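Participant:
In the working numbering, the protein residues as written are -1 to 145.
1. My understanding is that residue 108 touches residue 80, with C-beta atoms under 8 Å, so please give their C-beta distance in whole angstroms.
2. CB-CB under 7 Å to residue 85, same chain, minus the five flanking residues each way: which ones, in chain order?
3. If you draw a straight line from the alpha carbon of residue 135 to that of residue 3, how long is it in whole angstroms?
4. If we ignore side chains and look at the alpha-carbon of each, how far apart do residue 82 and residue 76 end up?
5. My guess is that residue 41 and residue 15 are in contact by the Cβ rule of under 8 Å, so how many angstroms apart are they, rounded?
6. For residue 134, which of helix, strand or coil comes out of DSSP?
7. So what's residue 11 in DSSP terms, helix, strand or just coil?
8. Can you list, in chain order, the residues of its chain with a C-beta nearer than 6 Å to that of residue 21? Leave out the 5 residues immediately preceding and following it.
9. Have a look at residue 121 and residue 98 and give me their C-alpha separation to the nearest angstrom.
10. Exposed or buried, residue 25, counting other C-beta atoms within 10 Å across all chains shown (16 or more means buried)?
11. Provide the residue(s) that pair with residue 82 in DSSP beta bridges, ordered along the chain.
12. From what residue to what residue does the beta strand (DSSP E) around residue 108 run?
13. Closest to residue 6 by CA distance: which of 33, 125, 63 is it?
14. Can you list, in chain order, the residues of its chain whose CB lies under 7 Å from that of residue 129, leaving out five sequence neighbours each side?
15. Would you say residue 103 and residue 111 are within 8 Å of each other, going by their C-beta atoms?
Below you can see the structure in the form of structure tokens.
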């Protein structure tokens, strides 16, 4: 059996409970392996039907809020003794995550799933499923926490 060395873990976050759960699991993995965590937020393109100036204002405000929240999460990880970084990218979420994995040579992706299933899932697929199929490294999916 081949041993996989985990030095760099990518955690796509959207600030949902699912992605924050994935971050908590990633923190534990980082403590056990000494890996560096990178939090990734993907900004999906604003609707093309919006007037350009309106879209630019919305995007600037959104980016500022995202950067603040992401920095808060990163700083929390550092306080917990984890080497952590963050990045914001723009594009379709699954394709962007796959591109970032390749570009920065991540060893593992840990991402939350919202637990959708059934017919809707069969028709639409999921971002997590597309990442699992397209990423060049292992992808650990973390489902919703049961209460």
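Note that beta-carbon positions come from the ideal geometry of N, C-alpha and C, so glycine has one too. Note that the coordinates shown come from a computational prediction; the quantities given were computed from them, not determined experimentally.
Facilitator: Checking against the coordinates, here is how it stands:
1. To locate residue 108, count along the chain shown from 1; it is residue 110. To locate residue 80, count along the chain shown from 1; it is residue 82. Wrong, their Cβ atoms sit about 13 Å apart, outside the cutoff.
2. Counted from its first residue, the chain shown places residue 85 at position 87. For residue 85, where only same-chain residues beyond five positions count, the Cβ hits under 7 Å are 36, 38.
3. Walking along the chain shown from the start, residue 135 turns up at place 137. Walking along the chain shown from the start, residue 3 turns up at place 5. Taking the Cα positions, residue 135 is about 11 Å away from residue 3.
4. Locating residue 82 in the chain shown gives position 84, where the first residue counts as 1. Locating residue 76 in the chain shown gives position 78, where the first residue counts as 1. Approximately 6 Å, taken between the alpha carbons.
5. Position 43 of the chain shown, counting from 1, holds the residue named residue 41. Position 17 of the chain shown, counting from 1, holds the residue named residue 15. About 20 Å separates the CB atoms of residue 41 and residue 15; that is not less than 8 Å, and the two are not in contact.
6. Within the chain shown, numbered from 1, the residue matching residue 134 stands at position 136. Residue state, collapsed to three classes: coil.
7. Looking up residue 11 in the chain shown gives position 13. If DSSP states are grouped into helix, strand and coil, residue 11 belongs with coil.
8. Taking the first residue of the chain shown as 1, we reach residue 21 at position 23. In its chain, beyond the 5 residues on either side, 9 have a beta carbon closer than 6 Å to the beta carbon of residue 21.
9. The count along the chain shown starts at 1 and reaches residue 121 at position 123. The count along the chain shown starts at 1 and reaches residue 98 at position 100. Low per-residue confidence applies at residue 121: pLDDT is 42, beneath 50, and the placement is therefore not dependable, though the value from the model is reported in the following sentence. Going by the C-alpha atoms only, they are around 26 Å apart.
10. Sequence index remark: in the chain shown, residue 25 carries index 27 (1-based). So residue 25 ends up on the buried side.
11. Residue mapping note: residue 82 aligns to position 84 of the chain shown, counting from 1. Answer is 35.
12. Here residue 108 refers to the residue found at position 110 of the chain shown. Taken as a continuous stretch (DSSP letters only), the beta strand (DSSP E) holding residue 108 covers 106 to 110.
13. Within the chain shown, residue 6 is the residue found at index 8, counting from 1. Of the listed residues, the one whose Cα sits closest to residue 6 is 33.
14. By one-based count along the chain shown, residue 129 stands at place 131. Only 92, 95, 96, 107, 109, 137 meet the Cβ criterion.
15. Here residue 103 corresponds to residue number 105 of the chain shown, with the count starting at 1. Here residue 111 corresponds to residue number 113 of the chain shown, with the count starting at 1. Result no, Cβ atoms of residue 103 and residue 111 do not sit closer than 8 Å.
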